[in-house]
Every structure is written in structure tokens, then in C-alpha cells.
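Visitor: The following block contains the structure, expressed as C-alpha cells.
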Amino acid sequence: MGKKTKTLFLMAAAFLLCGCQDKNQAGGTEIYYTAIESGDYYEGWAAQLKEQAEANGAGFSAGYAENSVETQVSQVKKASAEGTDVFLCGLVSPDIAAEVKAAADGAPIVFINNAPQEDQLEKEKYIYVASDEFMAGQYQAEYILEKFQQKDEINVVLLKGPKGASGTTGRTDGFKQTLKASGKKINYVFEDNADWNEDIAKELTGMFLKTGRQADCVAANNDDMALGAIKAFEEAGVSTDQVLFLGVDASAGGCEAIAGGRMDFTVYQPMSSQISAAVAAAKNLAEGNGIGKIEGASKDGKYILMPFEKVDANNVSSYQ
Amino acid sequence: MKSKDNKTGHKKFISIKTKLLSIILPVMVLIIIVLISLSYYVSKRVIEANAQKLLKTSVESQAYEIEEWLDKNLASFGMAKQAFEWVDLSDRQVQAFLDSYYGFNSNFPGGIYIADMEGRLYKGHEGSRSSTGTQLREPDQNGNYIIDGYFRNNGKVSDSGTWQFYTALGGEGGAVIENGTIYISTANDGTADYSIQLVQAGIPMEEGASYKLSFDAFADKERTIKTGISAPDHDYKRYLNDTVVKLSEEKQTFTYEFTMEDRDDANGRLEFNLGSTGSKAGVNISNVSLVQTGNKGTAKKEENSPGIVQEEWFQDALGRVNMGFTNAYTNSDGKQVISACGMLRTDGEGIYVISADLSLDKISVYVNSFVKMENAESFLVNANDNTVLASRDTSLISKALDSVNNSFLKEAGKRIAQNNLDLASIDGNMTVFEKINGTEWVLVSYVPAKIVYSDLDFIRNIMALFGIISIAMLMVMLERIIHILINPVKKLTDTIKTMTEGDFTVSGHTKSNDEIGIMGRCVEKFITAMSSMIASIEGVSGKLHKQADNSKDISGQMFYASKEQNKSMKELNNTVEQLSLSVNEIAQSATTLAMLVEETRNDGNNVNSRMKETVGVSKTGMEAMQDISTAMQDINSSVKKLQLAIDEVGTASEEITNITKVIGEIADETNLLSLNASIEAARAGDAGKGFAVVALEIGKLAQTSVASVQNIDRLVLEIKTSVNDVINQADDSVKNINDSSVLIKNAVNTFDVIFDNIVATGNLIQNMIQKVDQVEDVARNVAAISEEQAASSQEILGSSDILVKQADRLMESSENVAKESSELTASAEELASQVGIFKIK
Numbered sequence: 012m013g014k015k016t017k018t019l020f021l022m023a024a025a026f027l028l029c030g031c032q033d034k035n036q037a038g039g040t041e042i043y044y045t046a047i048e049s050g051d052y053y054e055g056w057a058a059q060l061k062e063q064a065e066a067n068g069a070g071f072s073a074g075y076a077e078n079s080v081e082t083q084v085s086q087v088k089k090a091s092a093e094g095t096d097v098f099l100c101g102l103v104s105p106d107i108a109a110e111v112k113a114a115a116d117g118a119p120i121v122f123i124n125n126a127p128q129e130d131q132l133e134k135e136k137y138i139y140v141a142s143d144e145f146m147a148g149q150y151q152a153e154y155i156l157e158k159f160q161q162k163d164e165i166n167v168v169l170l171k172g173p174k175g176a177s178g179t180t181g182r183t184d185g186f187k188q189t190l191k192a193s194g195k196k197i198n199y200v201f202e203d204n205a206d207w208n209e210d211i212a213k214e215l216t217g218m219f220l221k222t223g224r225q226a227d228c229v230a231a232n233n234d235d236m237a238l239g240a241i242k243a244f245e246e247a248g249v250s251t252d253q254v255l256f257l258g259v260d261a262s263a264g265g266c267e268a269i270a271g272g273r274m275d276f277t278v279y280q281p282m283s284s285q286i287s288a289a290v291a292a293a294k295n296l297a298e299g300n301g302i303g304k305i306e307g308a309s310k311d312g313k314y315i316l317m318p319f320e321k322v323d324a325n326n327v328s329s330y331q
Numbered sequence: 042m043k044s045k046d047n048k049t050g051h052k053k054f055i056s057i058k059t060k061l062l063s064i065i066l067p068v069m070v071l072i073i074i075v076l077i078s079l080s081y082y083v084s085k086r087v088i089e090a091n092a093q094k095l096l097k098t099s100v101e102s103q104a105y106e107i108e109e110w111l112d113k114n115l116a117s118f119g120m121a122k123q124a125f126e127w128v129d130l131s132d133r134q135v136q137a138f139l140d141s142y143y144g145f146n147s148n149f150p151g152g153i154y155i156a157d158m159e160g161r162l163y164k165g166h167e168g169s170r171s172s173t174g175t176q177l178r179e180p181d182q183n184g185n186y187i188i189d190g191y192f193r194n195n196g197k198v199s200d201s202g203t204w205q206f207y208t209a210l211g212g213e214g215g216a217v218i219e220n221g222t223i224y225i226s227t228a229n230d231g232t233a234d235y236s237i238q239l240v241q242a243g244i245p246m247e248e249g250a251s252y253k254l255s256f257d258a259f260a261d262k263e264r265t266i267k268t269g270i271s272a273p274d275h276d277y278k279r280y281l282n283d284t285v286v287k288l289s290e291e292k293q294t295f296t297y298e299f300t301m302e303d304r305d306d307a308n309g310r311l312e313f314n315l316g317s318t319g320s321k322a323g324v325n326i327s328n329v330s331l332v333q334t335g336n337k338g339t340a341k342k343e344e345n346s347p348g349i350v351q352e353e354w355f356q357d358a359l360g361r362v363n364m365g366f367t368n369a370y371t372n373s374d375g376k377q378v379i380s381a382c383g384m385l386r387t388d389g390e391g392i393y394v395i396s397a398d399l400s401l402d403k404i405s406v407y408v409n410s411f412v413k414m415e416n417a418e419s420f421l422v423n424a425n426d427n428t429v430l431a432s433r434d435t436s437l438i439s440k441a442l443d444s445v446n447n448s449f450l451k452e453a454g455k456r457i458a459q460n461n462l463d464l465a466s467i468d469g470n471m472t473v474f475e476k477i478n479g480t481e482w483v484l485v486s487y488v489p490a491k492i493v494y495s496d497l498d499f500i501r502n503i504m505a506l507f508g509i510i511s512i513a514m515l516m517v518m519l520e521r522i523i524h525i526l527i528n529p530v531k532k533l534t535d536t537i538k539t540m541t542e543g544d545f546t547v548s549g550h551t552k553s554n555d556e557i558g559i560m561g562r563c564v565e566k567f568i569t570a571m572s573s574m575i576a577s578i579e580g581v582s583g584k585l586h587k588q589a590d591n592s593k594d595i596s597g598q599m600f601y602a603s604k605e606q607n608k609s610m611k612e613l614n615n616t617v618e619q620l621s622l623s624v625n626e627i628a629q630s631a632t633t634l635a636m637l638v639e640e641t642r643n644d645g646n647n648v649n650s651r652m653k654e655t656v657g658v659s660k661t662g663m664e665a666m667q668d669i670s671t672a673m674q675d676i677n678s679s680v681k682k683l684q685l686a687i688d689e690v691g692t693a694s695e696e697i698t699n700i701t702k703v704i705g706e707i708a709d710e711t712n713l714l715s716l717n718a719s720i721e722a723a724r725a726g727d728a729g730k731g732f733a734v735v736a737l738e739i740g741k742l743a744q745t746s747v748a749s750v751q752n753i754d755r756l757v758l759e760i761k762t763s764v765n766d767v768i769n770q771a772d773d774s775v776k777n778i779n780d781s782s783v784l785i786k787n788a789v790n791t792f793d794v795i796f797d798n799i800v801a802t803g804n805l806i807q808n809m810i811q812k813v814d815q816v817e818d819v820a821r822n823v824a825a826i827s828e829e830q831a832a833s834s835q836e837i838l839g840s841s842d843i844l845v846k847q848a849d850r851l852m853e854s855s856e857n858v859a860k861e862s863s864e865l866t867a868s869a870e871e872l873a874s875q876v877g878i879f880k881i882k
């Protein structure tokens, strides 16, 4: 290497170092969270995200799209113009991911709350942080298989979330595929969409009970639906002694039911770990670093999926 | 080293052209091959990716179509279901509702049906609907649905019109209506029953109605015909099965009754088939009529069959409330369907199931025809049990993939079972899997990879062709270009080769304007310069040759001269040596003379003293007269001896004189020779300078020698005169002594006189001693001079020795000069011959 080249190289390196420093000194990463709508749930998300962002030394602001595609896009545009480095986005609709990306004007986006189409994701630029829904269904199935080791044939009532919702698909796939892999004969004696709703679940289960079919277990995509099913059983006077009731979320009601012996199993969705992963990912993307070191990151660099935790009568007290 | 040099020097000749071509061509070929391989590889990747993308897009769009279609239908079922849930389920209302859905949608032409746990089935029916569905025309006033059944319109019957006459498959014949009868003649009965055919289409057929067909007929000869009613719009399904009618020559009335079991059809077709019976007998037909003898009536009562409850769709429906799809199955009509079904929400205890059959035809269309990639095929699989729902190969439908004897399908089935739905290459097929959302169906689309690569093969061939052509063109072009560029070098090489052989008559001129041109021009200049140089060398060498010859001659002469000189010098040397010897001898003689003279003086002194004693004696005694006489005699003899000695001196002087004469002559000659040598030395130039000085010295010495010799001569002459005087004196004294003795012997008295005489004698002796002293001085002088002369001649001898040595060297030098000038001549000759090699203009 000639002397001249060396000098240039050193100068370039020095310049790069200075550049990095400048960026860091200029107030850190600005994060903008565009939530699907206002209300306790998403405001709770925003509050936790903010806390996490500030703990990481990043600026944070949030907007609520109120279920309007236009509002969401214009919020993102405005925030982008005001110098947001990275977006956290709860898509109002999975179909508008492309539009939101355009509005973000090249800033990286961490999608949360609602999954975009897979082809809208891009390695370490547009990523999705969520719970590993498949794992939730898998845990339910594993619990059932463990409890019914002797049975060769299992009658399953499956209560699902709304058709097409990512939670529904992921949890149902995880559940069904795990059961299928067991090689046992699985009869889905009842399978319907109860739309996360306890009352609908109760009504549907009531209808099922009228058919006189036998059920060994009721698996629901969330705790509310499982509770609805339990109510239906109880109201119809059908014994739940030999029936397993399984939910997802470890909601207060779910945990209470497990503690009270009415429900058998749920999985805990650790929101805080999702939030910290989302903020960590946002910060890494804004700084141009990869997400590979974040726990749960997929190999293709498009997903960070946080694991669930199993909750049953043995450990429910720690989740109440 | 030398042998190696020789080896490299004799290396095989390889031309620049060959070298250039052998370097450039492989590199070019390599580059082209690399480029083509690279672009082939890139094309392959692009084509592969494109094909994958296309296939993926195609299957996605198919899946989307199917999804949409399913969703749409499910939505409309959902609406219907909701409507049912809102109304009170009185039989009449249910029936009306169901009827309104009958034929409402082509996707589920059978409409919606409801069943309960008791097996009661409520089903819509067309018959109750007038506003929609098939329009059936009314019969004539006789209830006859056949138009012109009585053949009132005479004339020839063609293949258009109310009655139509057809021939096909080799059938030949004609039909004519006359007097209420149609006559059908057969020229050739063909190979199929419809080879000769009389038909009337557009006859309304109502589902559930019973009909009576009647006609009169006879034949020219006993034979058979066939009659029947078909459905041209429904694959020529038979409403009245083909019936053989035996005709005789007598007119007979034939009547057939049947029930229309299929759905309403406005286009029934009455057929009379006369072909392929083996008979060509003409046939007469008249009074054709088709009347309805009864129909099912309006309301369809619910059917009651407990078996329904066990049917697949019913069992499936019990598993959900919201409508969903069953697996594919064959329904009671024998059709491949899927049912959308679910439980109705009711307040009471009773369970009602609502269901509608969707024909798989539509899905088959999506699966089989909506493939957007050429040569690709799709099939739809139910992932639950791996059965095929739709495929172009209809034999696969409802079969499990792993039961099919086809490794591709088996592998695809395995992947679906493992939920491994990534793009894969199975059995040489590029295969993609796509889940249909909302179902457990997987759409599989595949295309044989070789079809994908057929384009690639084409590209590869084109590229290979292009590569070969480019290489060939490059080869030719390079060869030409190098040839043109190198040609001047070749010419130059020849020129230089010729030059190397010494021929400078060639020309290095070249037309090119590049480095080679400059080279050519330089060679040209070089040739010119060399030519003029060689020419001038030739001139110079000629002159040199001449000069060398001259120098050889002169040096020969000089050698000869120096040889002569040498000889002379040697002679001179000898002479000087002799001269030296002689001078020594003279010196010795002179010394001897001097000694003698001294002795003589001593003797004289003795005589003098004795004379004084004699005077004393003679004064006293006579007796001693005798002794005196004796003594006188002794004196006489001594004088005689002296006389002799002096004579000898005279002789020696004489000899010296002679010698000095010789020396003088030699010195003169030496003087002459040295003069001569000086001249020669001057001619020899610098080499003779030393010699010239010697010659000059010799000359000087010779002159000095001459002077010395003359001096000696003079002295010797003086000695001679002195000696002659001595001799004369001695002679006188002898005479005197002789006279005294006579007087002494003869006269004592006279003694006084004697005494006087003796005193006189004493005086004479004193005189004589003086003379002897003079002689001594002369002798001493002679000796000294002779010694001096001897020293001089020694010097001359040394000088002439040096002279001889110098002359020797001179001789050697001139010999060398002669030798070298010979060599110079030889060199000049060689130079001349060397230069003679070069040829110049």
C-alpha cells in the first residue's frame, strides 16, 4: 500500500468514526409508534414502549390511527418529515404495509400488533415482532397429548379466533400440526370461529353440546373463548371432569379459572419481552445494526418471535 | 556458459506472429468462454428465478381465485343461513325460502337444503318457481308437444326446419313429406344408427312429468328403426331410452310411456334412427304425438330418510355453526361436490343442519385452466387426508396421494403431510405449494424443469454459436492484423540479415508510420552511414598499407646501418683496447726509464764522490794508479751500459712515436665515424638522440686523443734529442776515460795533469748528473703523460663499450622496428581484406 493510499484510508476511517460520533451525539434514535387505535390496550403498549425506549436512550412519540388507513399513513408521513429514525407500526390493515413503507420514506419499520404480508417484510429493514403463535398452539397440543397418552383417539373441540387473524392461523396450525404429528386419531368434533369472544364461544359450545357428541378436550385460541366453553358446559349440566379446557394468554380470568380448577392450561404471552424486543430491534435498525443478536430473531432477518410460557395449575399462582 | 549461449543462439525460430497469436488467441478464447459461461450462468439463474416466480404467482393467483370463490359462496350461504335463523321454521316458509334458492346461483344449482336429526330433508325445487328457471313451451290444443306431428307441410325435408333429416357416417338417403306422411328412403344405411336420422328438437320436457309418445309407421319391407328422446344440451342424455321399433309392411301404431326424471329441459329431441340396420327399405311415419299424461304437482313434500343423518355433509355440519366446507365427496346425484354446511342456530332443542352443494367443476376450472404458466399443471389436495380434490387427470380425484403409483405425487403428498410447503424440485419438476386460506387445501403446481430449461438450452446454443463465430472471426482478424503489422518487420529482418552478412547494398525503407517505420528509417540511415564509413576505412587502410611498406623498407635500411655501425664500433673498441695496452706499455717503459735515470743519477753521485776520493787518493798515491785505471775501465763499461740503456730509450721513444701516430690515425677515424653516427642518429629521430650524444662524446674524445698524442710525440722527440745528447756525452766520456787511462798508465808524472783532468772529469760528472736529472724529469713526465693517456684510453674503452652496447640495442630496436613494420604491413593487409568483405554501393 502506497503512502498516499494509506493516508486516504486513515482519513476515511477517521471521517467514518467522526460521523458515527456525530450521529450518536445528535440526541439518539427517534422512535415513532403508530398504533391501530386509542384505548387502554394500545395506550398500554405505547406507555411500555415509551418506558423501554427511554431506558434505551431513544426518543419516543406515538400516534393513534383510530382504525383509519388514511390517518395512519398521514401520521407516518408527518413523523417521517419530522425526523423519525425508525417506526413501530401496528398496521390498521395488513394490506397497507406497502403504503406505510412508502410514507416512512425509507426509514426502517418494526411491525407489531398486526402482521403484514410476509412478502412485505425485508431483511433487517421491515421486520415483524410478535409472539410465536405457532408455539402457543403447539404447547396446547403437547399438553393434551401428555394428558391423553393412553388414548389412541382424541375428540377435540376447537374454538378459534376470527378467520384469517394471524393469532388464529398460527395457534391453530401449531395445535393441529402437533396433534397430527402424534399419529393419534384426532377427531375435530367441533371446530368454529368464536372470534376471541366468550359469549360466542359459549353459544357455539352450547350448540355443540346439543349434538350429543363426546369431547375429550376444548382448545381455544384464547382464554376468553375457553371460559365461554366452560360456561356452556356448566350451563348445560355436562360434566367437565374428564374434559380438558385450554386457552391462550394467561388472562386474569384464565388464570383464575385454572387456579379454581375449572380450566386446565393456558400459555402466557409475555408482552414485556415483545416490547423490549421491539424497541431493541428498532434501535438496532435505526443504527444500521442487524437484529441477529436479539433473542427470537429468525434466520431470514424478517421476524423476531417471542416464546410463550406454559401455565397450568402447578405454576398459575406466579402469573396471577 | 558458452555452450549454453550456443544452444540459445541456435534456438528454434518462432516468428513474432506465431508468438502473438499463441498468446492473444488463447486469452481471447478464454475470455469469450468465461464471458459466455458467465452470461449462461446468469441467464440460467434469471430464467430459473423467473420460472419460480411465475409458477409461484400463477399458483398464488389460482389459490386466490379459489379462495375468493369459496369465500363468496360461503358469504352468500352465511346470509341465507342468517335469514333462516331469523325466521320461524314453519314448513311452508322454509319451503318457500328453499325454493327461492333453487337455481339461484350456478355454483350451487341445487340450492340450499336443510335437514334435521330425524332425517327430514327440506329441499328447494324448480317446479314451484315460474319467474326463474327453464321456460317450457306449452303443447298444442291436443296436448301434443310435437310440432307438425301430422306432417301437413309437404315437401322435401332438410337438416333445418321443424323436422330435420340428417345423414352421417356413410349414410345416404332422403326424406319427403307427402299427404301427412313422411317417407324416408335409404340408399346406404351407414355405420351408425344415426347415419339416417329424422329428428325434431326443442321439445319441452318437465321434471317429474310422465309422457306418452305415439306414432304410426310402416316400411316397404320388414325392418327395424330406433326411436328415443335425448337431451342435446346435456350430453345427449336419454329421457326416453332408445327403443327398437319393428316395422312391417302394414301400418301400425306404436305407443311408449315414460317419466321425465331429470330436471326441466326445454330442448328435448325426438329421434328416429334408421341407420346401420342392414336394411334399405323405405319407412313411412305419420301422426307423431307426445303428450303429458301427468306431472308431480306443485309442492314437494319434505323427504324423510334417516340415512341422511349419517351422510358426510350432515356429520360435518354437526361440527360447526358457522358454515364451512366439507371434504369433496360424491353426492346422491353422483356428482363430485363439496358441501358448505353448518348447524342452524335455533332456540329449541332440535338440531337443524343447513347445507349446499358446490360443484367441484368450478374449482377444477380454477385448478386446471387458470394455470398461468405454459406447460405447468396443478392439482388441489386436501391436506387433511392427502386426497386429490381436483386435477386434470380425473382418475386421481378422491384418491390419496400416497396410494397413487407415481413417485412425484407420492413425494408431493409426503411434503404436504409434513407441512413442508417450500418450493421444491421433485422428480425433475419445479413444484410449488400454496395453502388455500380458510381451508386445509393445498394447491400444488408444477412444471417440468426441462421445459423451463428449454429456453435456456436455446440460449446456450445461441451463445455457443455466437462464441464459436466470434472466436473464428477474431482468429481471422487477429491473424490479418498481426500479419499487416508484422510484415514491415519481416522485411526489416531480411534487410538486417543481409546487412549481417556484410551486404549494405540493401534498403530498409518501409511505408509504415509507426515504431516499425522509425526502425526502418533508422536502418536506412545506418546503412548509409556504414557504407560511407566502410568506404573511408577502405581508403585509409590502403594508405596505411603503403605507409607500412615504406616504414618496412626504412627500418630494413636502418637495421642494416645500425649493424654496420655496430661492427665499426666493435672494431673501434678493439683499437682503443690495443691503444690502451700500448699506452700502458709506454708508461711502463717510461717508468723503467725514470728508474734507470735515477739509478744513473745515483751512480753519477757515487762517481762524483769517488771522483772526489780519487782526487784525494791521486793526490796521495801513485800505487792506487792501477786501481784508478781499473776503476776507469769500470767506468768505461758502465758508460757503455748507459749508452746501451739510452739507446733503448731512443728505441722506446721511437716506438712511442710510432704508436702515437697510430692513435692519432684511429682518433681521426673515430672522429669521422662519430660524425657519421651523429648524422644517422639524427635520421633515427628520438631513438637516435642518446646515440647522437655518445657519438659527439666519442668525437670529442677522439680529438682530445689526437691532441694528447701530438703532445706525447713532442715529448718523445725532446727525450730523443736529450738521449742523443747523453749518448754523445757518454761517447765523449768513454774517449776521455780511454785517453786518461793511457795517460795514467803511461805517465805518473803527468799525474797532476791527470788530477786536473780528474777534477775536470768531476765537473763533467756534475754536469752529467744535471743532465740525468733532466732526463729523469722527462722520463717522469713521459710516464705521467702515458698514465694519463692510459686512463684516457681506458675511458675511451669504457665509452666505446657503452657505444657498442648502444649500437647493439640500436640494432635490436631497428630489428624490432623492422619486425613491427612487417606486422604493420600484415595488419594493413588484414584490414584491407576485412574491409573487403563489406559490399557498398
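These protein sequences, in sequence, are chains U and F.
With my numbering applied, the first sequence covers 12 to 331.
With my numbering applied, the second sequence covers 42 to 882.
Idealized CB from N, CA, C, for every residue including glycine.
Leaving out five residues on either side along the sequence, give the residues of the same chain with a beta carbon under 6 Å from the beta carbon of Ile188 (chain F).
Guide: Residue mapping note: residue 188 (chain F) aligns to position 147 of the second sequence, counting from 1. For Ile188 (chain F), where only same-chain residues beyond five positions count, the Cβ hits under 6 Å are Thr203.
Visitor: Which chain F residues are close to Val254 (chain U), counting only those with a beta carbon under 9 Å from its beta carbon?
Guide: Taking the first residue of the first sequence as 1, we reach residue 254 (chain U) at position 243. In chain order: nothing, as chain F lies at least about 16 Å away.
Visitor: What are the partner residues of Thr428 (chain F), as DSSP defines its beta bridges?
Guide: The sequence position of residue 428 (chain F) within the second sequence is 387, counting from 1. Per DSSP, F:Asn423 and F:Ala441.
Visitor: Counting only beta-carbon atoms, is Glu353 (chain F) nearer than 8 Å to chain U?
Guide: Within the second sequence, numbered from 1, the residue matching residue 353 (chain F) stands at position 312. Chain U contact via Cβ: absent.
Visitor: At what residues does the alpha helix (DSSP H) containing Met146 (chain U) begin and finish?
Guide: Numbered from its first residue, the first sequence carries residue 146 (chain U) at position 135. Where Met146 (chain U) is concerned, the enclosing alpha helix (DSSP H) stretches over Glu144 to Lys158.
Visitor: Does the beta carbon of Val329 (chain F) come closer than 8 Å to any beta carbon on chain U?
Guide: As a position in the second sequence, residue 329 (chain F) is number 288, starting the count at 1. Output row for Val329 (chain F): interface = no.
Visitor: Could you check where the beta strand (DSSP E) with Pro245 (chain F) kicks off and where it finishes?
Guide: The residue labelled residue 245 (chain F) in the question sits at position 204 within the second sequence. From DSSP, the beta strand (DSSP E) with Pro245 (chain F) extends over Ile237 to Met246.
Visitor: Could you check the C-alpha separation between Phe122 (chain U) and Ser448 (chain F) for me, to the nearest Å?
Guide: For the purposes of this step, residue 122 (chain U) is taken as the residue at position 111 of the first sequence. For the purposes of this step, residue 448 (chain F) is taken as the residue at position 407 of the second sequence. Near 42 Å, if we compare the C-alpha coordinates of Ser448 (chain F) and Phe122 (chain U).
Visitor: Within its chain, find whatever has a CB closer than 7 Å to the CB of Ala458 (chain F); leave out the 5 residues flanking it on each side and keep chain order.
Guide: Taking the second sequence and counting its residues from 1, one reaches residue 458 (chain F) at position 417. Only Asn427 meet the Cβ criterion.
Visitor: Suppose you measure from the CA of Ser80 (chain F) to the CA of Ser99 (chain F); what does that come to, to the nearest Å?
Guide: Working through the second sequence from its first residue, we reach residue 80 (chain F) at position 39. Working through the second sequence from its first residue, we reach residue 99 (chain F) at position 58. Spanning the two alpha carbons is a distance of roughly 27 Å.
Visitor: Which word fits Ile878 (chain F), buried or exposed, when buried means at least 16 other C-beta atoms lie within 10 angstroms of its C-beta?
Guide: The sequence position of residue 878 (chain F) within the second sequence is 837, counting from 1. The residue is exposed, with fewer than 16 neighbouring Cβ atoms inside 10 Å.
Visitor: By the three-class DSSP mapping on this structure, what secondary structure does Tyr143 (chain F) have?
Guide: By 1-based counting over the second sequence, the position of residue 143 (chain F) is 102. Reduced to three states, the DSSP call for Tyr143 (chain F) is coil.
Visitor: Keeping to the same chain, check which residues put their C-beta closer than 6 Å to that of Asp772 (chain F); ignore five residues upstream and five downstream.
Guide: Mapped onto the second sequence, residue 772 (chain F) falls at position 731. Taken in chain order, the list of residues that qualify is empty.
Visitor: Do you know how far the Cα of Gly172 (chain U) is from the Cα of Asn35 (chain U)?
Guide: In the first sequence, the residue the question calls residue 35 (chain U) occupies position 24. In the first sequence, the residue the question calls residue 172 (chain U) occupies position 161. Unreliable placement is indicated for Asn35 (chain U), whose pLDDT of 40 sits below 50; the coordinate value is still reported in the next sentence. The straight-line gap from Cα to Cα measures roughly 44 Å.
Visitor: Thinking Met384 (chain F) and Leu401 (chain F) are a contact (beta carbons under 8 Å), I'd like their distance in whole angstroms, please.
Guide: If you number the second sequence from 1, residue 384 (chain F) lands on position 343. If you number the second sequence from 1, residue 401 (chain F) lands on position 360. Going by Cβ atoms, the distance from Met384 (chain F) to Leu401 (chain F) rounds to 24 Å, so no, they are not a contact pair.
Visitor: Could you name the residues of the same chain whose beta carbon sits closer than 7 Å to that of Ser862 (chain F), not counting the 5 residues immediately before and after it, in chain order?
Guide: As a position in the second sequence, residue 862 (chain F) is number 821, starting the count at 1. Same-chain partners within the cutoff: Ala589, Ser592, Lys593 and Ser596.
Visitor: Using a Cβ cut-off of 7 Å, pull out every chain U residue sitting near Val362 (chain F), in sequence order please.
Guide: In the second sequence, residue 362 (chain F) corresponds to position 321, counting from 1. In chain order: Asp203, Leu215 and Met218.
Visitor: With the cut-off set at 8 Å, would you say Ile153 (chain F) and Ala397 (chain F) are in Cβ contact?
Guide: Here residue 153 (chain F) refers to the residue found at position 112 when the second sequence is read from its first residue. Here residue 397 (chain F) refers to the residue found at position 356 when the second sequence is read from its first residue. Yes, Cβ-Cβ distance for Ile153 (chain F) and Ala397 (chain F) is below 8 Å.
Visitor: Enumerated in chain order, which unbroken segments of the alpha helix (DSSP H) with a length of 4 residues or greater are wholly contained in the region 260-331 of chain U?
Guide: Here the runs fully enclosed are 263-270 and 282-297.
Visitor: Measure the C-alpha to C-alpha separation of Lys89 (chain U) and Gly117 (chain U) and round it to an integer number of angstroms.
Guide: Here residue 89 (chain U) refers to the residue found at position 78 when the first sequence is read from its first residue. Here residue 117 (chain U) refers to the residue found at position 106 when the first sequence is read from its first residue. Their Cα atoms are separated by approximately 14 Å.
Visitor: Determine the direct distance from the alpha carbon of Glu312 (chain F) to that of Val198 (chain F), and round the result to whole angstroms.
Guide: Here residue 198 (chain F) refers to the residue found at position 157 of the second sequence. Here residue 312 (chain F) refers to the residue found at position 271 of the second sequence. Answer to the nearest angstrom: the Cα atoms are 15 Å apart.
Visitor: Just checking my contact of Leu239 (chain F) with Phe206 (chain F) at CB under 8 Å: how many whole Å lie between their CB atoms?
Guide: Indexing the second sequence from 1 puts residue 239 (chain F) at position 198. Indexing the second sequence from 1 puts residue 206 (chain F) at position 165. Yes, Leu239 (chain F) and Phe206 (chain F) are in contact; Cβ-Cβ is about 6 Å, under 8 Å.
Visitor: Looking at the structure shown, is Met364 (chain F) part of a helix, part of a strand, or coil, going by DSSP?
Guide: By one-based count along the second sequence, residue 364 (chain F) stands at place 323. Coil.
Visitor: Just grab the DSSP bridge partners of Leu99 (chain U) for me.
Guide: For the purposes of this step, residue 99 (chain U) is identified with residue 88 of the first sequence, where counting begins at 1. Bridge partners of Leu99 (chain U): U:Tyr44 and U:Val121.
Visitor: Name the chain U residues that come within less than 9 Å of Glu390 (chain F), Cβ to Cβ?
Guide: Working through the second sequence from its first residue, we reach residue 390 (chain F) at position 349. In chain order: Lys221.
Visitor: Against Lys174 (chain U), what residues of chain F qualify as contacts under a CB-to-CB distance less than 7 Å, listed in chain order?
Guide: Walking along the first sequence from the start, residue 174 (chain U) turns up at place 163. What Lys174 (chain U) touches in chain F: Gly479.
Visitor: Is it the case that the Cβ atoms of Glu290 (chain F) and Ala260 (chain F) are separated by a distance below 8 Å?
Guide: Taking the second sequence and counting its residues from 1, the one referred to as residue 290 (chain F) is at position 249. Taking the second sequence and counting its residues from 1, the one referred to as residue 260 (chain F) is at position 219. Against a cut-off of 8 Å, the Cβ pair of Ala260 (chain F) and Glu290 (chain F) comes out as a contact.
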